[in-house]
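Accompanying notes for the structure given below.
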Ligand SMILES: [Zn+2]
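Residue numbers (this note's numbering): 37 to 290.
This is the structure:
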């Protein structure tokens, strides 16, 4: 397997969604290629930071609270009586985790919120400014969607600090980090053809809405189609501001 191919599999591999044969080939390559191994390691660390951050949210602790109150009253009945409760409690945990995982809609607004949240909490930083450096482009063997990195709002209040590659539900996206005044705002750009991963958003954008708005967590979200790309803006800022950013999009290369 060549570097470009291995790097295409980074998300699938880390999410344990890659089949056995390809996983084996990826592992073999990582043993002999320090550069790819470093890249995988960085991506893994990013995952760990992100999941630590997500786990620190409320759903898990509320669930534990419930489990503890279920167990506590029955303790006086002795050890023998406890195991069915413990079993029930562990089932509640499993059901809760499965429910929590399944209830996450596969929707673009929810998916990109994680990217923006990571930026706001300084878990992710820009890797380059301006055009994609040749060194990064070469790693993808000409398959990198360099055009996605060229979009910027021409609204003067928006200042970009740079960009990086990111993955949203396994889809490679351009993540452009910036601020609108003092507020952190992320621009997330993906190929229109990747919309198949986000059926709700695809339907709304293709039904003719010029700008689709929504919110996810504490952030407002807006998206529009531009040529063959979908451009999203996310931030803790009023929707009309995000809409203005989308309306003033320019491409630096054209
Ligand atoms: Zn390699």
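Yeah, the Cβ is synthetic: ideal placement off N, Cα and C, and Gly gets one too.
Simplified DSSP state of residue i, which is helix, strand or coil
i           : result
residue 151 : helix
residue 217 : coil
residue 82  : helix
First through last residue of the beta strand (DSSP E) which encompasses residue i
i           : result
residue 256 : 255-262
residue 201 : 194-204
residue 267 : 265-271
residue 189 : 187-189
Residues of its chain near residue i, where Cβ-Cβ distance is below 6 Å and the 5 sequence neighbours each way are ignored
i           : result
residue 223 : 212, 269
residue 180 : 173
residue 154 : 86, 160
residue 61  : 37
Extent of the continuous alpha helix (DSSP H) run through residue i
i           : result
residue 65  : 56-68
residue 278 : 275-283
residue 41  : 39-44
residue 181 : Note, residue 181: premise wrong, no alpha helix (DSSP H); not H, not E.
residue 173 : 170-175
Other residues of its chain near residue i: CB distance less than 7 Å, five sequence neighbours each side excluded
i           : result
residue 29  : For the chain, the structure presents residues 37 to 290; residue 29 sits outside this window and is missing.
residue 149 : 252, 253, 255, 270
residue 238 : 231, 232
residue 219 : 271, 272, 273
residue 114 : Only weak support is given to the placement of residue 114: the predicted model assigns it a pLDDT of 47, under 50, and the value that follows is read from those uncertain coordinates. Result list for residue 114: empty, nothing under 7 Å.
residue 143 : 234, 236, 237
residue 80  : 50
Per DSSP, the bridge partner or partners of residue i
i           : result
residue 207 : 204
residue 287 : 187
residue 164 : 199
Other residues of its chain near residue i: CB distance less than 8 Å, five sequence neighbours each side excluded
i           : result
residue 279 : 247, 249, 258
residue 164 : 172, 198, 199, 200
residue 194 : 188, 214, 215, 216, 221, 281
Self-check item: beta strand (DSSP E) segments (min. 3 residues) lying fully within the region 222-258
Solution: Taken in chain order, the complete beta strand (DSSP E) segments of 3 residues or longer contained in the region 222-258 are 248-252.
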